[in-house]
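Student: Sending over a structure as C-alpha cells; questions will come in a sec.
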Amino acid sequence: MITVESVAAFRAGVRVLEDVSLNVPAGTVTTLVGPSGSGKSTLLRCLNGLETLAAGSVEIAGHRLTAGPQSPRRLELLRRDVGMVFQQFNLFPHLSVLDNVALPPRVIRQMPAAEARAQAQTLLERVGLAHLADVRPTALSGGQQQRVAIARSLAMEPRVMLFDEPTSALDPAMSGEVLEVILGLARAGQTMVVVTHDHSFARRVATQVAELVAGRVVRQGTAAEVL
Amino acid sequence: MSWDSLGKGGRWAVGLLLAVALLLAGAVAAGSVAAAELEEVVARGELIWAADQEGGGPHVFLDPKNPSQLTGFEVELAELLAAELGVKARFQQGQWDRLPLLLGRTADCVINGIELTPGRQRDYRCSRPYFAYALQLVARRDAPLTSFERLESLGPHGRWRVGVLTGSAAEILMRGRAGLEVDVVGYDGTVDCLEQVTTGVLDATVLDDCIASFYADRFPRLRAVDRPQAGGFYTILTPPDTPHLSAKIDEALGRLLTDGRLKQLYDSWDLAGRQQVLLLRDADEIPPAPRDSWGHLLRSALPLLLSAAGMTVLLSAASFPLAILIGLAVAIGRLYGPPLLRPLLAGYVEVLRGTPLMLQLYALFFLLPKIGLALPALAAAIIGLALNYSAYESEIYRAGLKAVPGGQFEAALALGMTKWQALRHVIVPQAVRIVMPPVTSDFIALFKDTSVCSAITVIELTKRYSVLALSTGRIVELAVVTALLYLAMSWPMALVSRWLERRLERTGAARQP
Ligand SMILES: Nc1ncnc2c1ncn2[C@@H]1O[C@H](COP(=O)(O)OP(=O)(O)OP(=O)(O)O)[C@@H](O)[C@H]1O
Ligand SMILES: [Mg+2]
C-alpha cells in the first residue's frame, strides 16, 4: 500500500531525511518511533505531499510522488485517499462537530448535504460522539476533539490513515479513548502509519515498527524486535 | 453605568448626541459673535473680502501667466474699495455657495458675483449693485439645442441635463421656470460645468454672460445659445449687524460709479463698462423676502432632507458591500494569488489609500469622460466610495486571513481540498468573523464619508442641509433637523453592529452541550 524509496527531504534548508526506505503492506499498521527532531513528522508529511521530496519516491494508495514540486491536482487526488490526523487536531472552529465531519465529502466529492450529514452522524457514532454532533468543537475536551478529527478524516474513506502523535497533546486520562479508536481501526484492517512516543501502545497496535534517528531508519522489524 | 458597559453602539449614539449638542452650541455662539464693524476694519488696517477662486473668471481666478497671483475684476474692485476705506484688501478663500457663512468670522464682506436676491436681502446687508449680469445658455456647437425654448420639449435623449453653479441665480432660474424638460445638476464651479458640457456629460449649462464670454476661447467647441435670459445685479454682502461698514461700502461704490473709475475698471476687463455704469445708475433695490414660518419651512424642507437622507443611505448601502467584495478579493490575491499579481495588488491598495477620496471621485467623474467614459454622478460616487474603501477593507481582511492559524489551511489541504476550496470553506469564514468589528466601524466611517460625494453633484444629506440653510437663512433650526435625521439613521446601524458583535461572541466562545 505504501512504498517509500530512498527519500530525502529538507526543512528550512537543512537535510532532515536521508535515504529513507519503508514498505507498508495493505491492512497493516506501522509505527514510527525515534527521538525528538529525528524526522518522524517530516516523513509522515512526505507521505501525503505536505512536504516536497528532495530525492527518491513515494507510492501510496496507488498514487506516486517523485522528487520536486508536484502538480496541485496530483496532490489533491492523493490526499483524498490518504487521511491525516494532527497532534493539534486542527478542527474547524466555525463549524459544528457534525459539519466538521460532513464538510470534506460535501465540498470535495459534491456529496448532497443530507447524505454527508447522515454519513457524518454514523462516523460520530463510531468514535462515540454522536451525542455531541451539534456542539462547537471548542466546547469539547482534547480527547473528544481528536476523535472528531479522526472521524473527519474517515469521512473521505481514505485507503491509508496517517497519525502524527495523536495523543501527545492530551493528558493520559484522555489518551486512552483516542487510542481505543485507533485500535478499532487497526482491527478493521485500516492501513495506518502512526508516529508515537508511546511504546506500550506501539506494541499493541503495530505490525511493524521503524525507528528513525537523525533522519535515517536505523532499525525496522516487529515491535518485539525493535522496542 | 460605565462608558464600557454602554457597548460600541451605545458609545456611538452618545457621541452623536454630544456632537449635536456641540453643533447647536456652536451655531448659537456664532450668531452672537459681533461682526467686524467699520471701526475694527479701520483699526486692523485690512478689509478682508471672501471669494472662491475656483469660481473662475472674470471674477476671481489665478492668473494663468503667474499662477501664484490672484486676478479678476473683483480683485481690482476689492482693492479700490479698500483704498476708499483707507485700508488694504486681504483675500479669504471659501467655497462659493458657503461664502456668506464666513461673514463675521473670517471675512468682513463677500465680493464674488453674489446676485442680489430677496432671500439675501432678508439674511444679510446687501450693498448697492456694482455689476449687471444676464444668464446665458451654453451648449456644444454640434448639439441640437438651438434656442432656450427648445428646452421646453424633450431632447434626443429625453430630458435635457443642464448644469448650474449651486446656489446661483442660474440655479434658481432653471429650477423655478415652469415647463422646462430639464434635469438641473448643481456643481461647485462654473468651469466644471463647461468641461462637462464639452465631454457630453451635460447637454448645456446656464451661467452669467460675463463668464460665458470670458471662457469662450478656452472652450471652442461650445457656443452661446440664444440671447441672454433673465438677469440682475451683483451685490457685496456684509453681516446683518454692520450698518456702518455697509454704508461706507455703498458710499465708496457711489464714488467709483460717478467718477468713472468703475467704468474704467470694466473697460479694462472688456465688460462693456459704459453699459454697466448706465444700468447700475438706475438699479432699484430689491425688497427683502419675508421669513418663512417655522411650520411652513419644515413642510417644505423636510421632504427634501428626507430624500437627501435616502441618498446617503443608498450611497452607503450600495458601495460598502462592493468595497467588501473587492477588498476580500484583493486580500486573497495578495496572500494566495499568483506571485506576479501580488505587487500589482499592493500598488492598488497604496494608490487608493495614499490619495484623498475627493480626488478619486473627481477623477472618476470629471476625468474619465475626457477619455470617453462618462459615468453618471451616482455611479461615479458609488464606484468611488467602493474603490476607496476596498483598499482599507483589503488591509483588514489581509490581517484577518493571516490571523487564522496555519494548521487550518494544512488540515483542509490534507483532506484533499483545493486551495480555493480551503479558502472558501475554511479560511475566509473564519477571517470574516475575526474582522467583523473593524469592518462594522468602517461602515460607519463610510456612511459619514458619503458627504464628500457632493463634490461631484450628488446631493446627499449634508449638501442638502447647507443649500437649504443658506437659501432660507434657518441655519440652526435645519441643523437640528439634519442631526436628528443622521441620528435616526445611525441608531439602527449601531444596533445592528452590536447585534453582530454579540453573535460573534456567541459563535467564538465555547458553547456547553
Ligand atoms: N517548520 C519547520 N521549519 C524548519 N525546520 C523544521 C520545521 N519543522 C521541523 N523542522 C526541523 O526538522 C527536523 C525534523 O523535525 P520533525 O518535526 O520531522 O521531527 P520529529 O521527529 O517529528 O520530532 P518531534 O518528536 O519533536 O515531533 C528537526 O531538526 C526540526 O528542527
Ligand atoms: Mg513530530
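Protein chains in written order, with the working numbering: chain P, 0 to 226; chain B, 18 to 530.
A virtual CB, placed ideally from N, CA and C, is assigned to each residue, including glycine.
What residues from chain P crowd round B:K436, counting only those whose CB sits closer than 8 Å?
Tutor: P71
Student: P:E164: beta carbon under 7 Å from a heavy atom of ligand 2?
Tutor: In this structure, P:E164 has its beta carbon less than 7 Å from a heavy atom of ligand 2.
Student: Is P:V194 a contact residue of ligand 2, with contact defined as CB to any heavy atom under 7 Å?
Tutor: yes
Student: I need the boundaries of the alpha helix (DSSP H) containing P:D98, first residue and last residue.
Tutor: 96-107
Student: Expressed to the nearest angstrom, what Euclidean distance is found between the alpha-carbon atoms of P:S199 and P:S167?
Tutor: 14 Å
Student: For B:E532, does the count of other Cβ atoms within 10 angstroms reach 16, so buried, or fall short, so exposed?
Tutor: One cannot answer for residue 532 of chain B here, as it falls past the ends of chain B, which runs 18 to 530.
Student: What in chain P is Cβ-close to B:R450, meaning under 8 Å?
Tutor: H93
Student: For the stretch 368-386 of chain B against the stretch 414-429 of chain B, do three or more pairs of beta-carbon atoms, one drawn from each stretch, fall closer than 8 Å, so that the two count as touching?
Tutor: no
Student: Under 8 Å between the Cβ atoms of P:V23 and P:T30?
Tutor: no
Student: Just to make sure I have the definition right: I need the residues of chain B whose C-beta is within less than 7 Å of the C-beta of P:M0. Which are they?
Tutor: Correct list: empty, because the minimum Cβ distance to chain B is about 17 Å.
Student: Using a C-beta to C-beta distance shorter than 7 Å, which residues of chain B count as neighbours of P:Q87?
Tutor: Those are G424, listed as they occur along chain B.
Student: Report back the beta-carbon spacing between B:A431 and P:N47 to the nearest angstrom; my notes put them in contact at under 8 Å.
Tutor: B:A431 to P:N47, Cβ: 6 Å. Contact.
Student: For P:H62, which beta-bridge partners are listed by DSSP?
Tutor: P:I59
Student: For B:G433, decide whether its Cβ has a neighbour in chain P, counting only Cβ atoms nearer than 8 Å.
Tutor: yes
Student: Under the rule that 16 or more other beta-carbon atoms within 10 Å means buried, what is B:S310, buried or exposed?
Tutor: exposed
Student: List the residues that DSSP assigns as beta-bridge partners of P:Q227.
Tutor: No answer is possible for residue 227 of chain P: it lies beyond the span of chain P, which begins at 0 and ends at 226.
Student: Apart from the five residues just before and just after B:D243, which ones in its own chain have a Cβ nearer than 7 Å to its Cβ?
Tutor: Closer than 7 Å at the Cβ level, and outside the excluded window around B:D243, lie L154, S164, F165.
Student: Would you report the Cα separation of B:L314 and B:S488, rounded to the nearest angstrom?
Tutor: Each residue's CA atom was taken as its position, placing B:L314 and B:S488 some 11 Å apart.
Student: With a threshold of 6 Å on Cβ separation, who are the neighbours of B:A300 within its own chain once the five nearest residues in sequence on each side are excluded?
Tutor: P146, F250
Student: Just curious, the beta strand (DSSP E) that P:E4 is in, first and last residue?
Tutor: 1-10
Student: Taking B:E5 as the query, report the chain P residues whose CB atoms sit under 8 Å from its CB, ordered along the chain.
Tutor: What the structure shows of chain B is the stretch from 18 to 530, and residue 5 of chain B is not part of that stretch, so it cannot be assessed.
Student: Quick one: is B:L162 buried, meaning 16 or more other Cβ sit within 10 Å of its Cβ, or exposed?
Tutor: buried
Student: Would you kindly work out how many angstroms separate the C-alpha atoms of B:G48 and B:F148, rounded to a whole number?
Tutor: Confidence at B:G48 is low in this model, with a pLDDT of 45, below 50, so the placement of that residue is unreliable and no value is reported for it.
Student: Given a threshold of 16 other Cβ atoms within 10 Å of its Cβ, counted over all protein chains shown, does B:G111 qualify as buried or as exposed?
Tutor: buried
Student: Whole angstroms is fine: what's the gap from B:L402's alpha carbon to B:G136's?
Tutor: 35 Å
Student: With a cut-off of 5 Å, give the chain-ordered residues whose Cβ is closer than this to any heavy atom of ligand 1.
Tutor: P:R10, P:A11, P:V15, P:S35, P:G36, P:S37, P:G38, P:K39, P:S40, P:T41
Student: When DSSP labels each residue in this structure, what does B:K105 get in the three-state scheme?
Tutor: In the structure shown, B:K105 falls within a strand segment according to DSSP collapsed to helix, strand and coil.
Student: Do you know offhand how far B:Y482's Cα is from B:G433's?
Tutor: 58 Å
Student: For the putative contact between B:D15 and B:R178, defined by C-beta atoms under 8 Å, what is the C-beta separation to the nearest angstrom?
Tutor: The first residue shown for chain B is 18 and the last is 530, placing residue 15 of chain B beyond what the model contains.
Student: Can you pull the chain B neighbours of P:M160, defined as C-beta to C-beta under 9 Å?
Tutor: Simply none; closest approach about 11 Å.
Student: Restricting to runs no shorter than 3 residues, where is the beta strand (DSSP E) found entirely within the stretch 149-190 of chain P?
Tutor: Runs of the beta strand (DSSP E) inside the stretch 149-190 of chain P: 159-163.
Student: Return no unless some Cβ of chain P is closer than 8 Å to the Cβ of B:Q213.
Tutor: no
Student: Taking the Cβ atom as the reference point for each residue, do B:T467 and B:S333 lie within a distance shorter than 8 Å?
Tutor: Yes, the Cβ-Cβ distance between B:T467 and B:S333 is below 8 Å.
Student: Note down the Cα distance separating B:A229 from B:G180, rounded to an integer number of angstroms.
Tutor: 13 Å
Student: Give the DSSP-derived three-state secondary structure of P:E17 in the structure shown.
Tutor: It is a strand residue.
Student: Between the alpha carbons of B:D258 and B:L495, how many angstroms are there, rounded?
Tutor: 22 Å
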